[in-house]
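Notes follow the structure.
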Amino acid sequence: GESVGLHLPTLSVQEGDNSIINCAYSNSASDYFIWYKQESGKGPQFIIDIRSNMDKRQGQRVTVLLNKTVKHLSLQIAATQPGDSAVYFCAEKRGSNYKLTFGKGTLLTVNP
Amino acid sequence: NAGVTQTPKFQVLKTGQSMTLQCAQDMNHNSMYWYRQDPGMGLRLIYYSASEGTTDKGEVPNGYNVSRLNKREFSLRLESAAPSQTSVYFCASRLQGTSGRSKNIQYFGAGTRLSVL
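Top line first, the protein sequences correspond to chains A and B. Under my numbering, the final residue of the first sequence carries the number 112; numbering is consecutive throughout. Under my numbering, the final residue of the second sequence carries the number 1117; numbering is consecutive throughout.
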C-alpha cells in the first residue's frame, strides 16, 4: 500500500512466492539506480544495480527492471525466503558527483 | 576485512551536549558519506567527502560538522545536540576513480543509534 505519514509501504508474501517491489523516481536525468536491503538493526546492504542504458539486469534470485518512460524501477525476488524479510530501498544517482538519493523504502515480510 | 566501522553503536545525550561519531573504512575508498535515517524515511545525506581533504554539504547539514581526518576516517560532530537530531546515523564509503559500475556502490556501516533527551 501507499505510505502515509511514518508508515512504510509494505509487502507481505508467502515463502516460495515471487516478490515485486516497486519504486518511482522523479528525475529523468538520473543515470544509475541501485537497490539496497536493510535488515532490522543493520546498515543497508547492496543487492543489485542498473545503468540507465539498460532495461533489465539479473543477479542471483533478483532481477531489476527499469522503465525510463514512466520513471519506474522494480526489484523482483524469486522464490522469496524468510531471510529476505527486510526493508528495501531504491536509490538514484544524478550527475557526476556520485551522491545517491534514496527512496523511503518498502517493508517486505515473508510468511513461512 | 572489517569494511566500514562506526563507533559508538549507541549513544544517549542531553540537549546541548556535544559528541563526535567516528567512522573508519579499510577498503581504500576515496569517498565517504554521512547519512541520517528517521522512522519511515529513507536515508538523507548530511555531509560527504569526495576525496581526502574535501568535504561538502548534503541535504541536511545544519547542526553538524565533519572532518575527513585521513583517507580512512570521516567523523561527524554534533556541537550542541538537539532532540531533532535523535536518529540513526550511517556512514558509507565508495571507491572512486575506477571504470565500470562498481564505482557507484556505497558500502555502509552498521549505524550509530543516537537519542537526544
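Built from N, CA and C at the ideal position, the CB exists for glycine as well. Just so it is clear, the structure is predicted and the values come from calculations on it, not from any experiment.
Asked                                                                                                                                     : Found
Exposed unless 16 or more other CB atoms sit within 10 angstroms - verdict on N1028 of chain B                                            : exposed
Three-state secondary structure (DSSP) of D17 of chain A                                                                                  : coil
Cβ contact check for the region 1078 to 1088 of chain B and the region 1062 to 1070 of chain B: 3 or more pairs under 8 Å                 : yes
Beta carbon proximity, Y32 of chain A to chain C, threshold 8 Å                                                                           : Included in the structure are the protein chains A and B, with no chain C among them.
Positions along the region 1039 to 1057 of chain B whose CB lies within less than 9 Å of some CB in chain A                               : P1039, G1040, M1041, G1042, L1043, R1044, L1045, Y1048, A1050, D1056
Bounding residues of the beta strand (DSSP E) (the contiguous stretch that carries N1065 of chain B)                                      : 1065 to 1068
Candidates A:N27, A:Q76, A:S30, of which the one nearest T106 of chain A by Cα                                                            : A:Q76
Per DSSP, the bridge partner or partners of Q1096 of chain B                                                                              : Q1096 of chain B is not bridged to any residue.
Paired residues, beta bridge with Q58 of chain A - DSSP                                                                                   : A:T63
Beta carbon proximity, D113 of chain A to chain B, threshold 8 Å                                                                          : This structure cannot speak to residue 113 of chain A, because chain A is shown only from 1 to 112.
Same chain only: Cβ atoms within 7 Å of V110 of chain A, ignoring 5 sequence neighbours per side                                          : V13, E15, T80, Q81, P82, D84, S85
Contact between the region 1013 to 1027 of chain B and the region 36 to 56 of chain A (3+ Cβ pairs under 8 Å)                             : no
Near-chain B residues of the region 97 to 111 of chain A (beta-carbon distance less than 9 Å), N- to C-terminal order                     : N97, Y98, K99, L100, T101, F102, G103, K104, G105
Helix, strand or coil at N111 of chain A according to DSSP, with G and I counted as helix                                                 : strand
7 Å Cβ cut-off: residues of chain A touching Q1096 of chain B                                                                             : Y98
Y88 of chain A - containing beta strand (DSSP E), residue span                                                                            : 86 to 93
Proximal residues of chain A, C-beta to C-beta of S1031 of chain B below 7 Å                                                              : Y98
Contacts around P44 of chain A, its chain only, beta-carbon distance under 8 Å, and the 5 residues preceding and following it disregarded : Y36, K37, Q38, F89
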